[in-house]
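Engineer:
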Ligand SMILES: CCCCCCCCCCCCC[C@H](O)CC(=O)SCCNC(=O)CCNC(=O)[C@H](O)C(C)(C)COP(=O)(O)OP(=O)(O)OC[C@H]1O[C@@H](n2cnc3c(N)ncnc32)[C@H](O)[C@@H]1OP(=O)(O)O
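In my numbering, the protein residues as written are 10 to 728.
Right under this line is the structure:
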């Protein structure tokens, strides 16, 4: 796991060999320890180079080992032995030096990086802190403020920035390993003490306490309840206030606390879940490993509304040539201006040139003859979308892939109007489409493996976390949102206020509560959908009482709010009051409180005190229950997919792992018991009826999440 060789006569070359990222597993740590001991003992060896095989220095500690009992030599003494030795050690960094990998390099006396390499301490994103001396050595090397920033955010740094910051000593376009070997010979005999970071003091500006206090305030504000960033600041404080050994002691104490936390488990689960969803499989046996994507060099977007514009920007940024089609000339001109502005803004931030040359705008669908893949993003109306698909089917080349960006309409119905249903697939982007990381790739019953591979591959090129989902109403994300929204509305009827519900959800870790999000999206969106579904407006069954629709409880509160012209942020009033139309600062609105009070009086509802716990249980457990139904119906590959959809598309706090992971953390028996309780109290709310999968899992002793698949009734997959 670490290869030893003697090169150029006097240089010991230690190569980490643990593909794919040379993670510091027990075997690698043992290999390094033995190799370093050998090099330090061998009188013929005058200096040492440490590098990684296959163009990667090291991706850090082996995260998979964190769930198992620790074995092998620990990292801290291993790195100390390198630093304390009397021979110069040079780290040759190619690819990445992340986490424990960078800490290993910081224990070396010199660091040489390839120009394409990246370094960083991303432990915070795993709910941890750099606990192999990173919080003590990095501030000593680059100073307090930059070290705080890197450690609390986990940001990756390019070789060029690392050179500027002083993390690395040299950057090369050639082989970092060759330069390191040459350099290791040049530094033989030079004093080593100034290169041993543990012997140095952290360079501190006079306002050190202010810097630390401000950093603490900043991370607390951003962390939304995550503990690791706070612990990172505490550890770095120790690098300023304490001698090295005491600082290391503090680092270990803080790490021990984080290491055992449910947040660390959740964040590490997310790390692997994010990678797992990319490895999709279908019930037919096709999977990501045996299905080849079609080449896509030229794409098209139909419709230049908000979604179409975002999708266009995302495609151009990924380097694709794009034809943007909008039949309305005025809308086309507006879309063109907005897309150009977005691309220019993005390019400016990255100090790059906007690729406007990749774009072609037209009102004419017949210009799509040569495009490989088309994404339809017109208004959410089945008749209109069908008309577009019919035209696309006759205009586009026979092997062009046709995608729809519908947020919940039936992909099969759209496919049925084309002559190539096997080449039709859903690509459900989330607004703003060039920013949001989530993509639901919706498999229609006839979508071919090749077309699934193409959509998933394109998602990856766009930098999205793409999740394969089944073709059901609302797909996965929006389907699970419905019970959540319903519960929030019911809570208002029963005595809550929008700010009480939102407060509980924000305290839980959502960036915005449900009512603030609704105001941001525009309340008319849901209003229109409810009208079309016959839940409000002229199509309501006249026999239905006001608070009951289609055999179940219904809250007309959102409709009443819309009827008053309160459409959310854009109209300056929604569930909250805003300073102006388009304003963003929400303040509680006495008119909404009055509306709620009058409503309760009118319907004879006696308001009651509602606490945060009830808000969370009713909103989140209802959503989770629908997640179990999604699994039961075979609409998702597994709980990991659902969790990634919620983390990347709906603001679910990552340190809580996603709804299904959260359910497992809370305990499935508890979730079931609370759902049963609320179902008894609200028998007219079917979505509180616990799903049969949840019941089966509880009866079977609540197996861990990765075993849930075994309890699905077969054949179940609709994928
Ligand atoms: C009980 C009380 C105990 C108390 C105290 C305990 C103290 C313990 C002491 C520990 C000391 C801590 C030391 C250190 O500070 C901690 C760390 O180093 S944590 C790890 C930090 N590193 C990272 O976060 C990097 C994570 N990886 C990446 O960012 C990327 O994978 C990459 C390296 C940039 C490569 O990206 P890609 O090329 O895109 O490839 P993938 O991402 O798809 O990865 C490929 C493959 O590799 C797996 N993998 C990647 N990194 C790791 C890793 N560090 N460990 C294990 N596995 C890793 C990844 O999962 C992929 O595999 P797949 O999932 O597809 O099977």
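Positions of the beta carbon are idealized from the N, C-alpha and C atoms, including for glycine.
#1: Between the Cα of residue 493 and those of 626, 652, 520, 325, spot the shortest distance and give me the residue it belongs to.
#2: Which residue's Cα is closest to the Cα of residue 437: 479, 216, 187, 676?
#3: Cβ of residue 633 within 7 Å of any heavy atom in ligand 1?
#4: Can you tell me where the alpha helix (DSSP H) with residue 102 in it begins and where it stops?
#5: According to the Cβ coordinates, are residue 332 and residue 372 closer than 8 Å?
#6: Excluding the 5 residues flanking residue 293 on each side, which residues of the same chain have their C-beta closer than 8 Å to its C-beta?
#7: Quick one: grab the DSSP three-state call for residue 687.
#8: So within the region 413–489, which uninterrupted alpha helix (DSSP H) runs reach at least 4 residues, ignoring any that extend past its ends?
#9: Look at the alpha carbon of residue 393 and the alpha carbon of residue 460, and state the distance between them as a whole number of angstroms.
#10: Assuming residue 54 contacts residue 31 (C-beta within less than 8 Å), just tell me the rounded distance between them.
#11: Taking only runs of the beta strand (DSSP E) that begin and end inside the region 272–312, which ones reach a length of at least 3 residues, in chain order?
#12: Here's the rule I'm using: 16 or more other beta-carbon atoms within 10 Å means buried, otherwise exposed. How should residue 498 be labelled?
#13: By Cβ distance below 7 Å, which residues in the same chain neighbour residue 380 in space, the five residues on each side in sequence not counted?
#14: For the alpha helix (DSSP H) that residue 633 lies in, which residues bound it at each end?
#15: Spatial neighbours of residue 94 within its chain, please: CB distance less than 6 Å, with the 5 preceding and 5 following residues excluded, ordered by chain position.
#16: Have a look at residue 298 and residue 481 and give me their C-alpha separation to the nearest angstrom.
#17: Name the two residues that bound the continuous beta strand (DSSP E) containing residue 333.
#18: Buried or exposed: where does residue 342 fall if 16 or more other Cβ atoms within 10 Å of its Cβ makes it buried?
#19: Is the CB of residue 679 under 8 Å away from at least one CB in chain D?
#20: Which value, in whole angstroms, describes the spacing of the CA atoms of residue 679 and residue 691?
#21: Can you check which of these residues, 19, 571, 581, 601, is closest to residue 593 by C-alpha distance?
#22: What residue does the beta strand (DSSP E) around residue 24 start on, and which one ends it?
#23: Closer than 8 Å is the cut-off here; do at least three beta carbon pairs connect the region 234–254 with the region 183–190?
#24: If you run the structure through DSSP and keep just helix, strand and coil, what is residue 346?
#25: Going by C-alpha distance, which of 210, 239, 214 is nearest residue 224?
#26: Could you tell me whether the region 263–275 touches the region 659–666, using the rule of 3 or more Cβ pairs below 8 Å?
#27: Within the present structure, is the beta-carbon of residue 281 separated from the nearest heavy atom of ligand 1 by less than 7 Å?
#28: Which residues in the same chain have their Cβ closer than 8 Å to the Cβ of residue 638, if we skip the five residues on either side of it in sequence?
#29: With H, G and I counted as helix, E and B as strand and the rest as coil, what does DSSP make of residue 12?
#30: For residue 388, does the count of other Cβ atoms within 10 angstroms reach 16, so buried, or fall short, so exposed?
#31: Check whether the Cβ of residue 332 sits closer than 7 Å to any heavy atom of ligand 1, and report yes or no.
#32: Alpha carbons only, please: which of 649, 216, 598, 138 is nearest the one belonging to residue 284?
#33: State yes or no: is the C-beta of residue 137 within less than 8 Å of the C-beta of residue 67?
#34: Verify whether the separation of the beta carbon atoms of residue 653 and residue 474 is less than 8 Å.
#35: Let me check understanding here. Comparing Cα to Cα, which of 553, 568, 570 lies closest to residue 562?
#36: For the beta strand (DSSP E) containing residue 123, name the first residue and the last one.
Structural biologist: Let me lay it out:
#1: Residue 493 sits at position 484 when you count from the first residue of the chain shown. It is 626 whose Cα lies nearest to the Cα of residue 493.
#2: For the purposes of this step, residue 437 is identified with residue 428 of the chain shown, where counting begins at 1. Closest option to residue 437, Cα to Cα, is 479.
#3: Here residue 633 refers to the residue found at position 624 when the chain shown is read from its first residue. Result no, Cβ not under 7 Å from ligand 1.
#4: In the chain shown, residue 102 corresponds to position 93, counting from 1. Run containing residue 102: none in the alpha helix (DSSP H); it sits in the beta strand (DSSP E), 98–102.
#5: Here residue 332 refers to the residue found at position 323 of the chain shown. Here residue 372 refers to the residue found at position 363 of the chain shown. Not in contact: residue 332 and residue 372 (Cβ atoms no closer than 8 Å).
#6: The sequence position of residue 293 within the chain shown is 284, counting from 1. So the list reads 458, once near-sequence residues are dropped.
#7: In the chain shown, the residue the question calls residue 687 occupies position 678. Helix, per DSSP.
#8: 420–425, 458–470
#9: The sequence position of residue 393 within the chain shown is 384, counting from 1. The sequence position of residue 460 within the chain shown is 451, counting from 1. So the alpha carbons of these two residues sit roughly 23 Å apart.
#10: Along the chain shown, one-based indexing puts residue 54 at 45. Along the chain shown, one-based indexing puts residue 31 at 22. Going by Cβ atoms, the distance from residue 54 to residue 31 rounds to 22 Å, so no, they are not a contact pair.
#11: 307–311
#12: Here residue 498 corresponds to residue number 489 of the chain shown, with the count starting at 1. Answer is buried; the Cβ neighbour count reaches 16.
#13: Counting from one through the chain shown, the residue named residue 380 turns up at place 371. Answer for residue 380: 307, 308, 309, 332, 405, 409, listed in chain order.
#14: Taking the first residue of the chain shown as position 1, residue 633 is located at position 624. Looking at the DSSP string, the run of the alpha helix (DSSP H) that includes residue 633 is 621–641.
#15: What you label residue 94 is simply residue 85 of the chain shown in a count that begins at 1. The answer, listed in chain order, is 49.
#16: For the purposes of this step, residue 298 is taken as the residue at position 289 of the chain shown. For the purposes of this step, residue 481 is taken as the residue at position 472 of the chain shown. Each residue's alpha carbon lies about 26 Å from the other.
#17: The residue you call residue 333 lines up with position 324 of the chain shown. Segment 330–334, the beta strand (DSSP E) holding residue 333.
#18: Locating residue 342 in the chain shown gives position 333, counting from the first residue. Residue 342 should be labelled exposed.
#19: In the structure shown, chain D cannot be found, because there is only a single protein chain.
#20: Within the chain shown, the letter at position 670 stands for residue 679. Within the chain shown, the letter at position 682 stands for residue 691. The straight-line gap from Cα to Cα measures roughly 18 Å.
#21: Mapped onto the chain shown, residue 593 falls at position 584. Cα-wise, what sits closest to residue 593 is 581.
#22: Taking the chain shown and counting its residues from 1, the one referred to as residue 24 is at position 15. Segment 20–25, the beta strand (DSSP E) holding residue 24.
#23: no
#24: The residue given as residue 346 occupies position 337 in the chain shown. Three-state DSSP puts residue 346 in a helix.
#25: The count along the chain shown starts at 1 and reaches residue 224 at position 215. The candidate whose alpha carbon is nearest that of residue 224 is 239.
#26: yes
#27: Mapped onto the chain shown, residue 281 falls at position 272. Residue 281: yes, Cβ under 7 Å from ligand 1.
#28: Locating residue 638 in the chain shown gives position 629, counting from the first residue. Once the five neighbours on either side are set aside, the close Cβ partners of residue 638 are 700, 702.
#29: By one-based count along the chain shown, residue 12 stands at place 3. Strand, per DSSP.
#30: As a working note, residue 388 is residue 379 in the chain shown. By the 10 Å Cβ count, residue 388 comes out exposed.
#31: Residue mapping note: residue 332 aligns to position 323 of the chain shown, counting from 1. Result no, Cβ not under 7 Å from ligand 1.
#32: Stepping through the chain shown from its first residue, residue 284 is reached at position 275. It is 649 whose Cα lies nearest to the Cα of residue 284.
#33: Within the chain shown, numbered from 1, the residue matching residue 137 stands at position 128. Within the chain shown, numbered from 1, the residue matching residue 67 stands at position 58. The answer is no: Cβ separation not under 8 Å.
#34: Counting from 1 along the chain shown, the entry for residue 653 is found at position 644. Counting from 1 along the chain shown, the entry for residue 474 is found at position 465. Yes, they are a contact pair.
#35: The residue given as residue 562 occupies position 553 in the chain shown. Answer by Cα proximity: 553.
#36: Mapped onto the chain shown, residue 123 falls at position 114. Looking at the DSSP string, the run of the beta strand (DSSP E) that includes residue 123 is 119–123.
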